[in-house]
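Take the position in the sequence shown, starting the count at 1, then add 7; the result is the number in our numbering.
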Amino acid sequence: MSEKKYKIGYVFSEKKIKHQGIQQFIDYSRSNNFIINPINLDIPIENQGPYDLIIHKITDLIAKAENGDEAVQKQVDNFKNYVKNNPNIPILDPLDVVCKLMDRITSNDLLEKVRTMEKENGKIYFKLPDYTIKPLYKDKLKDIHFPIMCKRINACSTKIAHEMALVPTLDKVDEARKIMSSSTNKEDEEYIIQQFINHDGILFKIYVYDNNYKVIIRPSLNNVTTEDIVFFDSQKIPKEFKEQENLDSDAPPLNSFGNLSPAEVVEKKSLLLDYDKITEITNDLSDCLNLTLYGYDVIIDSETNDYYIVDVNYFPAFAGVKDFNEVLYNAILKKLNN
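In structure tokens form, the structure reads like this:
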């Protein structure tokens, strides 16, 4: 517990506070000597402090502002100006890096930068799926190796950002375009067209907090064995392994891994995870990203056992991290003491 009463300001969406464990963290912090309160972005922040530290996930508001919400734009400007005018106040985390992770293109560029750094040091711990940026038309994708994942360029903070399609063959591209464009009415929209790597329906979520990490094993998409399109919302992928018949109707299909049960699949795949390698990857990412709180997703190729990073994001839900309150509290305390 902190002996000094630090004053912490926070900016989170109502959804993150209620459904992603932030309210429990706020209660925990208050019981451990933090004075922690929401920042009202509709009035001058200077009148609400002074703050010893600010923690946020303002990307939700930034996305709305970029979509033309003038009222939200004023809130974002208020926050940015306060941060700019108070450089000595620690911010979890820096806005310039956080904003780069809102876009899948710039996120991928950051990951490529880490890979370049690894190559220069004579060590390569992970790969990235090949990708391009194109609209969903057959003539544009005729030279692409299928199957592919189709993702929107915007990576977060809007509902449609999480809509994706697994397209098995070139013949299914027209159907995929109709499905993806049904939310936007933009058939010419460009997407991230990413190589799909068979990975036995197992994804490793790496939650990073101040250079420490926890690994949570999650269900993922099954290996491609049919010519059916899989359209899904990535936020609705089940968090736990269940038998297929017990899954929600709108959840994407999971891999049955032959005749193995979900528990056997997890056990077999978990044995392949090299924690020393994950530690090296995490250290390299942290050095490059300059973030205290972030997450990334790793899959292991079914054939080669190569590691692929398929996503990186700022301040994820940390779902499955049982000591999340203490983890986040200690990360903030360390930042304050430094």
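Quick reminder that beta carbons are idealized off the backbone N, C-alpha and C, glycines included.
Here DSSP, grouped into helix, strand and coil, assigns Q55 to coil. The three-state secondary structure of K87, taken from DSSP, is helix. Under the three-state reduction of DSSP, H169 is assigned to helix. Y336 carries a helical assignment under DSSP once its states are collapsed to helix, strand and coil. Collapsing the DSSP output to three states places R159 in coil. A distance below 8 angstroms separates the beta carbons of Y314 and K284.
Taking a 10 Å sphere around the C-beta of K158, we find 16 or more other C-beta atoms and assign the residue as buried. Under the three-state reduction of DSSP, L60 is assigned to strand.
Per the coordinates, the alpha-carbon of A168 lies some 22 angstroms from the alpha-carbon of D100. Residue state for D330 is assigned as coil, using DSSP reduced to three classes. Every unbroken stretch of the beta strand (DSSP E) spanning 3 or more residues and falling wholly within the segment 198-246 is given here in chain order: 209-216, 219-226 and 237-240.
Within the segment 125-154, the runs of beta strand (DSSP E) that reach at least 3 residues and sit entirely inside it are, in chain order, 138-142.
Residue burial is scored here from C-beta neighbours: Q201 has at least 16 other C-beta atoms within 10 angstroms and is therefore classed as buried. Setting aside the 5 residues that flank it on each side, A270 is surrounded in the same chain by F248, each with a C-beta closer than 8 angstroms to its C-beta; the list follows chain order. Taking a 10 Å sphere around the C-beta of D207, we find 16 or more other C-beta atoms and assign the residue as buried. The C-beta distance from I98 to V104 rounds to 11 angstroms, too long to fall under 8 angstroms, and the pair is not in contact. Between the alpha carbons of N40 and N345 lies a distance of about 18 angstroms. I112 is positioned such that its CB atom lies closer than 8 angstroms to that of I160. The beta-bridge partner set that DSSP reports for Y13 consists of F41. The alpha-carbon of I307 is positioned some 8 angstroms away from that of I209.
As DSSP reads the structure, N320 sits in a beta bridge with G302. Contact between P142 and D235 fails: their C-beta atoms lie close to 22 angstroms from each other, not under 8 angstroms. Between S114 and F133, the alpha-carbon positions lie close to 15 angstroms from each other. A direct Cα-to-Cα measurement between G327 and I223 gives close to 7 angstroms.
Distance from F203 to I155 at the Cβ level is roughly 6 angstroms; contact confirmed, criterion being Cβ atoms closer than 8 angstroms. Residue nearest to D67 within the set N54, V83 and V237 is V83 (criterion: CA-CA distance).
Closest in C-alpha terms to F238, from the list V273, Y216, T286 and R184, comes R184. Between V180 and Y144 the beta-carbon gap is near 7 angstroms, inside 8 angstroms, which marks them as a contact.
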